[in-house]
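So the structure is just underneath, and the comments pick up after that.
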C-alpha cells in the first residue's frame, strides 16, 4: 500500500514540476543557458516555486499515512558548474501545497513515526548529520539537537546520514545521537524504522 501511495504521489507531483520544464525545447545548437532552467538556477532571487517549476520532477518522495507528501526537487548546473538549488515541498492529503522552502543540496527526506524529517548529511561529514522535523499541519520546521551520547539503533529508530558519523534518529523523543559501532567495528547500516 505504501508503494502505491508513493507512486500516486509521484504522479501527482510530476505535472506540478513539469509545467515549466519542457516548455522550451533546446536543440543542440541552442544556448542551454538561455532556458528557464538556467535562468532560475542562476537567479539569486528565484523562489522555491520557480525551482519546482523547472525541475524535471521530484528527486525523492515520502508519503505519510494520512496522504501528506514531502518531496524534494533539485536543479544544478549541467555543464560542470557548482551552482545548484534544492527545494522541499509539503503537500496536504488533498494535494494542496502547505509550504515549500530551500534546503541544502545534499538533504534527504525521511519518514519516521509518521513524521517528516530533513537530514543534511553534508554540512560536515565528520559530525552527525543535522536533522529537522517538518510539521505536517503547517510546514513549520524544528531543528533537532544532536546529543553527545552514542546510541545503538532499536526498533522504531532510523539510521540517518551518509558521512563518517551516521546517527540514530529516535522519532518518539525527537532526538538524534551518533550511532554506536557494531562489535566488528563497523556502523549499523540497517534501517530499524517501523514507519
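In this note's numbering, the protein residues as written are 28 to 222. Ideal Cβ positions, reconstructed from N, Cα and C, are used throughout, including at glycine. All values reported here derive from a predicted model rather than from experimental measurement.
1. I'd like to check one pair, residue 148 with residue 135: are the Cβ atoms closer than 8 Å?
2. Beta carbon of residue 155, beta carbon of residue 198: below 8 Å?
3. When the Cα atoms are used, what is the spatial distance from residue 73 to residue 192?
4. Mapping DSSP to helix, strand and coil, what is residue 192?
5. Can you tell which of 145, 109 and 186 has the C-alpha that lies nearest to the C-alpha of residue 88?
6. Taking residue 177 as part of the beta strand (DSSP E), name the residues at either end of that continuous run.
7. Within 10 Å of its beta-carbon, does residue 132 have 16 or more other beta-carbons around it, so buried, or fewer, so exposed?
8. Between residue 230 and residue 178, what straight-line distance do the alpha-carbon atoms span, to the nearest angstrom?
9. Does DSSP put residue 77 in a helix, a strand or coil?
10. How far does the alpha helix (DSSP H) with residue 205 in it reach, from first residue to last?
11. Strictly by DSSP, which residues pair up with residue 133?
12. On a Cα-Cα basis, can you pick out the residue from 60, 164 and 188 that is closest to residue 108?
13. Note the first and the last residue of the continuous alpha helix (DSSP H) segment covering residue 66.
14. What are the boundary residues of the beta strand (DSSP E) that includes residue 170?
15. If you count every other CB in all the chains shown that lies within 10 Å of the CB of residue 98, and 16 or more means buried, which is it?
16. Apart from the five residues just before and just after residue 188, which ones in its own chain have a Cβ nearer than 7 Å to its Cβ?
17. Given that a residue counts as buried once 16 or more other Cβ atoms are within 10 Å of its Cβ, and exposed if not, what is residue 167?
18. Output needed for residue 142: all residues of its chain with C-beta closer than 7 Å, excluding positions within five of it in sequence on either side, in chain order.
19. Can you tell which of 105, 137, 101 and 95 has the C-alpha that lies nearest to the C-alpha of residue 126?
20. I need the DSSP call for residue 92, collapsed to helix, strand or coil.
Working from what's here:
1. yes
2. Here residue 155 is not near residue 198, since their CB atoms are 8 Å or more apart.
3. 33 Å
4. Secondary structure at residue 192: coil, using DSSP grouped into helix, strand and coil.
5. 145
6. Where residue 177 is concerned, there is no enclosing beta strand (DSSP E), given that its DSSP letter is neither H nor E.
7. Residue 132 is exposed by the Cβ-count criterion.
8. For residue 230 there is no data in the structure shown, the boundaries of the chain being 28 and 222.
9. helix
10. Where residue 205 is concerned, there is no enclosing alpha helix (DSSP H), although the beta strand (DSSP E) around it starts and stops at 202 to 205.
11. DSSP lists no partner for residue 133.
12. 60
13. Residue 66 -> alpha helix (DSSP H) spans 63 to 68.
14. From DSSP, the beta strand (DSSP E) with residue 170 extends over 168 to 171.
15. By the 10 Å Cβ count, residue 98 comes out buried.
16. 146, 148, 155, 156 and 194
17. Around the beta carbon of residue 167, fewer than 16 other beta carbons lie within 10 angstroms, which makes this residue exposed.
18. 160 and 198
19. 95
20. coil
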